[in-house]
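Trainee:
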Amino acid sequence: MYRSGLCLKRRHSKALRRRLARRSSAAARRLSRKCAPSVSRCPLDKSGCGFWTSCRWATPLRLCGVLDVGSLAASLSELVRRHESLRTRFVTLDGAGVQVIDPACGFDLPVTDLSDLAPEAREAEAARLAQAEAEAPFDLARGPVFRARLLRLGAEEHVLLASMHHIVSDGWSLSVLTREVAALYEAFSRGEASSLPEPRVQYADYALWQRRWLDGETLERQLGYWRERLSGAPAALDLPTDRPRPPVASFRGGTVPVALPASLTAALGDLARGQGATLFMVLMAGFAAVLSRWSGQTDLVLG
Numbered sequence: 001m002y003r004s005g006l007c008l009k010r011r012h013s014k015a016l017r018r019r020l021a022r023r024s025s026a027a028a029r030r031l032s033r034k035c036a037p038s039v040s041r042c043p044l045d046k047s048g049c050g051f052w053t054s055c056r057w058a059t060p061l062r063l064c065g066v067l068d069v070g071s072l073a074a075s076l077s078e079l080v081r082r083h084e085s086l087r088t089r090f091v092t093l094d095g096a097g098v099q100v101i102d103p104a105c106g107f108d109l110p111v112t113d114l115s116d117l118a119p120e121a122r123e124a125e126a127a128r129l130a131q132a133e134a135e136a137p138f139d140l141a142r143g144p145v146f147r148a149r150l151l152r153l154g155a156e157e158h159v160l161l162a163s164m165h166h167i168v169s170d171g172w173s174l175s176v177l178t179r180e181v182a183a184l185y186e187a188f189s190r191g192e193a194s195s196l197p198e199p200r201v202q203y204a205d206y207a208l209w210q211r212r213w214l215d216g217e218t219l220e221r222q223l224g225y226w227r228e229r230l231s232g233a234p235a236a237l238d239l240p241t242d243r244p245r246p247p248v249a250s251f252r253g254g255t256v257p258v259a260l261p262a263s264l265t266a267a268l269g270d271l272a273r274g275q276g277a278t279l280f281m282v283l284m285a286g287f288a289a290v291l292s293r294w295s296g297q298t299d300l301v302l303g
């Protein structure tokens with residue numbers, strides 16, 4: 001469920017563009033060859049192991065206009081069929097994380113009708129159900145790792161509650177899935193078949209390819225680089241605090257929302273583009289600068 005692309009600034013040299021093009025093409029050729037055409041169980045990739053206890057994505061989408069519920073359900077079912085990750089369970093076998101790919105067998109889209117409620121009560125109940133869905137845990141061993149529920153607020157107003165575990169999705173893949181659902185719904189609601197091409201590579205292919213690549217000498221070389229890079233890194237950030245730190249950290253944290261003005265966000269975006277970076281990279285650099293100023297440290301470990 002991934003798309004790829006590179007945006008190169010004009011000031012980048014032709015040699016660098018050619019080098020990146022060769023690397024991108026070579027990687028695409030390696031991944032385009034199916035590693036396991038009929039695999040139903042395979043290991044996770046290296047990063048997937050870190051998402052085992054990670055968070056989940058919950059996306060409420062308000063749908064306005066006449067909705068063909070059957071076509072929407074069929075679109076989600078086809079989405080799950082196309083992408084093995086959405087019908088994968090994650091279990092522990094011999095102490096290691098393993099993904100188990102289940103066969104495609106449709107998708108259940110429950111519908112909750114709230115249209116009989118008064119407008120204020122309807123919105124309040126929709127918000128409550130959305131929050132409950134966002135907080136509902138996933139059982140990775142039993143599945144599913146992708147859920148959806150449709151709230152009917154009126155004849156031409158619905159809210160789709162979609163959630164999935166971070167182990168099978170990220171912000172980039174969510175945008176791909178959203179575009180695919182829109183294309184599938186448009187086709188199915190007209191009585192047409194899907195025009196989307198079949199995915200050439202599934203997550204299991206990538207996981208197996210990466211495991212074969214990161215083996216032996218290659219893995220040791222990569223680990224050696226980061227061991228040297230992180231050698232001597234501080235164990236903690238020495239920030240001034242209002243109270244002394246407890247002898248044992250509880251890891252109980254809090255959230256302080258900060259809204260940036262649109263003008264500042266736009267200016268930061270311009271700065272990022274001017275430096276060939278992303279907005280996240282600029283914000284992370286600013287965060288690191290603030291922490292450095294408060295701690296007096298020039299060597300920081302974030303993440």
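Anchor point for the sequence shown: position 168 equals 168 in full-length UniProt numbering, and the numbering is continuous, going up by one each time. For glycine and all other residues, C-beta sits at the position ideal for the given N, C-alpha and C. All figures in this text were calculated on a predicted structure; none of them were measured in a lab.
(1) If you draw a straight line from the C-alpha of Gly75 to the C-alpha of Trp294, how long is it?
(2) Count the other C-beta atoms from every protein chain shown that fall within 10 angstroms of the C-beta of Pro247, then say buried if there are 16 or more, exposed otherwise.
(3) Could you tell me the boundaries of the beta strand (DSSP E) in which Phe146 lies?
(4) What span of residues does the alpha helix (DSSP H) with Gly269 cover, start to end?
(5) Secondary structure at Leu93, three-state DSSP: helix, strand or coil?
(6) For Thr255, report the span of its alpha helix (DSSP H) as first-last.
(7) Counting pairs of Cβ atoms below 8 Å between the segment 79 to 88 and the segment 192 to 206, do you hit three or more?
(8) Under 6 Å Cβ to Cβ from Leu161, same chain only, skipping five residues before and after it: list those, please.
(9) Which same chain residues, not among the five before or five after Gln275, have their C-beta less than 6 Å away from its C-beta?
(10) With three or more C-beta pairs closer than 8 Å as the rule, is the segment 185 to 201 touching the segment 88 to 101?
(11) Name the DSSP bridge partner or partners of Ser77?
(12) For the segment 103 to 169, list the beta strand (DSSP E) runs that are entirely contained and at least 3 residues long, ordered along the chain.
(13) So, using beta-carbon positions, are Val181 and Arg89 closer together than 9 Å?
(14) In whole angstroms, what is the alpha-carbon distance linking Asp116 and Ala104?
(15) How is Gln222 classed by DSSP in three states: helix, strand or coil?
(16) Looking only at its chain, what residues have a beta carbon closer than 8 Å to the beta carbon of Ser195, apart from the 5 residues adjacent to it on each side?
(17) Go ahead and pull the three-state DSSP assignment for Val66.
(18) Grouping DSSP H, G and I as helix and E and B as strand, with all else coil, what is Val100?
(19) What number of angstroms, rounded off, separates the C-alpha of Asp299 from the C-alpha of Asp108?
(20) Using only alpha-carbon positions, find the residue among Trp57, Pro110 and Ala118 that is nearest to Met164.
(21) Given that a residue counts as buried once 16 or more other Cβ atoms are within 10 Å of its Cβ, and exposed if not, what is residue 304?
(22) Following a CB-centred definition, is Cys105 positioned closer than 8 Å to any heavy atom of the ligand SAM?
(23) So, helix, strand or coil for Arg19, using DSSP?
(24) On the three-state DSSP scale, how would you describe Leu230?
(25) Starting from Ala58, follow its DSSP beta bridges and name the residues at the other end.
(26) Between the Cα of Glu156 and those of Thr255, Ser263 and Leu67, spot the shortest distance and give me the residue it belongs to.
Mentor: In short:
(1) Position check: residue 75 holds Ser in this sequence, whereas Gly was assumed. Answer to the nearest angstrom: the Cα atoms are 51 Å apart.
(2) Flag for Pro247 reads exposed.
(3) Phe146 to Gly154
(4) Ala262 to Gly274
(5) strand
(6) Thr255 -> no alpha helix (DSSP H), and no H or E assigned at all.
(7) yes
(8) Within the same chain, Leu161 has close Cβ partners Pro60, Ala130, Glu133 and Arg149.
(9) Cβ neighbours of Gln275 beyond the five flanking positions: none.
(10) Verdict: no, contact absent.
(11) Answer by DSSP bridge pairing: none, since Ser77 is not bridged.
(12) Secondary structure within the segment 103 to 169: the beta strand (DSSP E) runs of 3 or more consecutive residues, fully enclosed, are 111 to 113, 146 to 154 and 157 to 165 (chain order).
(13) No, Cβ-Cβ distance for Val181 and Arg89 is not below 9 Å.
(14) 35 Å
(15) helix
(16) Counting only Cβ-Cβ distances below 8 Å, and skipping sequence neighbours, we find Ala183 and Ala187.
(17) coil
(18) Val100 falls in the strand class under three-state DSSP.
(19) Taking the straight line from one Cα to the other gives about 50 Å.
(20) Trp57
(21) Residue 304 lies beyond the range of the chain shown here (1 to 303); nothing can be said about it.
(22) By its list of ligands, the structure shown contains no ligand whatsoever, and the ligand SAM lies outside what it can speak to.
(23) Here Arg19 sits in helix by DSSP.
(24) coil
(25) Ser163
(26) Leu67
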